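A short write-up of the structure that comes next.
Chains as they are written, first to last, in this note's numbering: chain A, 1 to 185; chain B, 186 to 962.
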């Protein structure tokens, strides 16, 4: 209950330029995403694939009922949610692995963005490991990946969030994607 | 980060970094030169060569990797896509037909393809669909269906209009000015219908106005344009940058809140263009701000002076005829619609149409009569309460709807529809305000409107209806719209009464809060006790019971029944402790309520211990729960004041107020109590100026905080009297004491001793006045 209220207030404060609000927002957004993911995983029907982007959007819908949030605040939200979504996926994958070891697979749901016919879902943990390595080399590229892959933002929005040109965002994305592709191959 | 996954080959990260930089440089080159570039740069280093080339290969292979699913589907919902018939910033529009062939119907489906990732657009698309479903007008393309693709792209299914752009149609049919005006009247009728349904179009332009073969105007593209404003315009200040600057009003260009007057302006531009073939605005490369400046400063040239015979495809001689025909009244009508100040334009599309009819029938036109006739749009007066409470109410509603969603999932059969209805409501709140940018009042409007649609949206789902009404009721409660809250909560309780149980208890609890808020303490207690009997024995039921006990404890406390309050608070605390995952905040508040009751019983040492435990828990939380901290500090200040530690009390109180103002704004009505406490404490230590100023602040906010018969108002006046007496202002003290007593006499329940205290101050002040004025008796 208070999470939601805090998030609204914090987004406004962030919008008003208060940098500290971001660090306060992170755990709240994480919590919200985790709850949503958990609820979906419990409730959705078997075989349904849930995209991280859809989760982030749902989180946004649930948390941003205030129409007066400015677009930059919206973008901020997505920037924050993207980072937390990454964490949610990793936690989820770990949890799933743990559950697998514990006995019969109890999950019917795959939480993955890659579920095209025939293709195996992306290994969230391997991706996370590759992202961590990339982060050590070039943190901004990881931000771009988060915004694109975990929050589904358009390149122009990503550029605005990060304060870089669209061309630079696109370049970062291509480089990061090649890096990750190679790392996960 | 993960010790379970196999370790990747021990990579030399230095080498990797070099390889990545090299690869990045290679990307700056044309694709054919990239490999030679890397080869040349890495001639001396085989490892670097391999690493960089691996990245280059990966780059070629990774196209589409980690990207949202490509749009491969040719089927959406019940429809098969036939061919794209348009595209643009808003995504793609497809011609489509029903898949099941149930009946021959061609539709246009707008897929917001480029908007994956924009929750806002999904919400707006849904809102548009809902709004337009209600807006059934022959001149507006009907919305038939909508939803999201499995990939999460929102789409809207619309009536497929086979027609030509209005300007093209006019030219093809060689319409003269009067015929154009008559056709334009259909546009006005459509917009008027939309405005009366509180929808503004925002993107009126020739491309969005089609004319069918039989001469019927059909307006397209309601609402979706506004979805895209913030994304495309780049004027992110208010999120209302126009989609099509050439057809934007001055206020739109200035990124100010839009009203129906913006549509009137765009209609003026459209008519201008229909009449003379030229745009009222020079197109061109000037910036939006420059265009806004120009548009705000001047009226366009009269359309009769801008006749463009080439664009209109009419002969020169004909053009002269047109000029005569248009100049004068029709010029004036168009320019009235194009007034830079919204208030000087026609106040409605209907009024615009009436004046055009005047012209068609050779009657005097209003545009000539001039200025006095227009009406200034009156905006809703907002008070500060509405502003600050709106945020809180949004939150209350979000929580309520969250609960409703959980309910819906529990009722698996009805879940799908229920969730849809639920989301609809959420959408409603976000986008119902046609005057987007007007901020807080929109919430009230949205709630009011949502309420009217519940019967049809939730027909046959009484439990869900109860939950949603409950959520809305709570939101009204937060906005202190008590009457509206009562209607919703009563209905919710009624719907839940038959089933009873924890959910019923939850609603009774809310009803009690309403009674409490309006000062009916007896009713509130009765409802809370009734709620206790309905809480279930499962974890959720016990949690609810703890909440009700908590509320009851606070209520009894406020009525001075501290023994009761303590017992109830301890019960609530024990229950919370028995539940597995009681969050820290809950534990802190339980301590706080125990402390408050102990304080009331004057068991100060125990109270202080409990308060410090609560404060300790709250201060350990990240991020700091500012509101809770401020309340706890306020109570601590109170205790320290009572035990004679006034300087500590002042320090705690100042901190409490600063926190509260930070979160809720400087004029939050509930600051009254902490402010009055602080004033009293300042007075106690002789800081009379601060006391006086702080008290004035509290009294200023009081009317927004309390009803006339609320005992709290009496307490406040009593404090004001004390503060005044302390600095020797006896007349003021006497006046405030009298006001306090008057409130107590009206109030339904008064804490024991309060009235007596006020009387005592009155006597002191009066006695002192008598002493000080020996001549009066």
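For every residue, glycine included, the Cβ atom is placed at its ideal position computed from N, Cα and C. No experiment lies behind these values; they were computed from the predicted model shown.
{"Item": "Within-7 angstroms CB hit, residue 182(A) to chain B", "Value": "yes"}
{"Item": "Short Cβ contact (7 angstroms threshold) for residue 733(B) with residue 754(B)", "Value": "no"}
{"Item": "Contact under 7 angstroms by Cβ, residue 402(B) with residue 359(B)", "Value": "no"}
{"Item": "Chain A contact residues for residue 763(B), given Cβ-Cβ distances below 7 angstroms", "Value": "The contacting residues do not exist; residue 763(B) stays about 20 angstroms from chain A at best."}
{"Item": "Distance cut-off 6 angstroms: residue 923(B) Cβ against heavy atoms of the ligand MN", "Value": "Here there are no bound small molecules, and the ligand MN is not part of this structure."}
{"Item": "Residue 198(B), buried or exposed, once every other Cβ within 10 Å from all chains shown has been counted against 16", "Value": "exposed"}
{"Item": "Cutoff 7 angstroms: residue 85(A) Cβ touching any chain B Cβ", "Value": "no"}
{"Item": "Residue range of the beta strand (DSSP E) that includes residue 294(B)", "Value": "291-296"}
{"Item": "Classification of residue 801(B) by the beta-carbon crowding that lies within 10 angstroms, buried from 16 upward", "Value": "exposed"}
{"Item": "Option nearest residue 870(B) by Cα separation, candidates 912(B), 714(B) and 880(B)", "Value": "912(B)"}
{"Item": "Boundaries of the beta strand (DSSP E) in which residue 333(B) is found, first to last residue", "Value": "328-333"}
{"Item": "Cβ of residue 239(B) within 7 angstroms of any chain A Cβ", "Value": "yes"}
{"Item": "Candidates 445(B), 661(B), 908(B) and 432(B), of which the one nearest residue 457(B) by Cα", "Value": "432(B)"}
{"Item": "Sub-7 angstroms separation of residue 886(B) and residue 851(B) beta-carbons", "Value": "no"}
{"Item": "Chain-ordered neighbours of residue 209(B) on chain A, where CB pairs are closer than 8 angstroms", "Value": "171 and 175"}
{"Item": "Chain A contact for residue 697(B) (CB, 7 angstroms cutoff)", "Value": "no"}
{"Item": "Beta bridge counterpart(s) of residue 394(B) as assigned by DSSP", "Value": "404(B)"}
{"Item": "Beta-carbon proximity of residue 79(A) to residue 150(A), cut-off 7 angstroms", "Value": "no"}
{"Item": "Segment contact flag, the segment 815-823 of chain B with the segment 837-847 of chain B, C-beta cutoff 8 angstroms, min 3 pairs", "Value": "yes"}
{"Item": "Status (buried if at least 16 other CB within 10 Å, exposed otherwise) for residue 785(B)", "Value": "buried"}
{"Item": "Min CB distance residue 250(B) to chain A below 7 angstroms", "Value": "yes"}
{"Item": "Closest residue to residue 353(B) among 392(B), 653(B) and 377(B) (Cα-Cα distance)", "Value": "392(B)"}
{"Item": "Where residue 212(B) meets chain A, residues with beta-carbon distance less than 8 angstroms", "Value": "171, 174 and 175"}
{"Item": "Endpoints, beta strand (DSSP E) assigned at residue 348(B)", "Value": "348-350"}
{"Item": "Delimiting residues of the alpha helix (DSSP H) encompassing residue 489(B)", "Value": "Premise fails: residue 489(B) is in no alpha helix (DSSP H) and is neither H nor E."}
{"Item": "Residue 794(B) in three-state terms, based on DSSP", "Value": "helix"}
{"Item": "Whole-angstrom C-beta distance between residue 795(B) and residue 750(B), which should lie under 8 angstroms", "Value": "So it is not a contact: roughly 13 angstroms between Cβ atoms."}
{"Item": "Contact with chain B by residue 178(A), beta-carbon distance below 7 angstroms", "Value": "yes"}
{"Item": "8 angstroms contact criterion, which residue 677(B) and residue 655(B) should meet: CB distance rounded", "Value": "4 angstroms"}
{"Item": "Whole-angstrom C-beta distance between residue 907(B) and residue 865(B), which should lie under 8 angstroms", "Value": "6 angstroms"}
{"Item": "Residues, ordered as in the chain, of the segment 122-139 of chain A that lie near chain B by beta-carbon distance below 9 angstroms", "Value": "122, 123, 125, 126, 127, 128, 129, 130, 131, 132, 133, 134, 136, 137 and 138"}
{"Item": "Coarse secondary structure for residue 621(B), derived from DSSP in three states", "Value": "No answer about residue 621(B) holds up, because its pLDDT of 33 lies below 50 and its placement is not dependable."}
{"Item": "Inter-residue spacing [alpha-carbon to alpha-carbon] between residue 696(B) and residue 703(B)", "Value": "11 angstroms"}
{"Item": "Residue 450(B) versus residue 546(B): straight-line alpha-carbon distance, rounded", "Value": "24 angstroms"}
{"Item": "Bounding residues of the alpha helix (DSSP H) (the contiguous stretch that carries residue 461(B))", "Value": "445-461"}
{"Item": "Helix, strand or coil at residue 172(B) according to DSSP, with G and I counted as helix", "Value": "Outside the displayed range of chain B (186 to 962) lies residue 172(B), so it cannot be described from this structure."}
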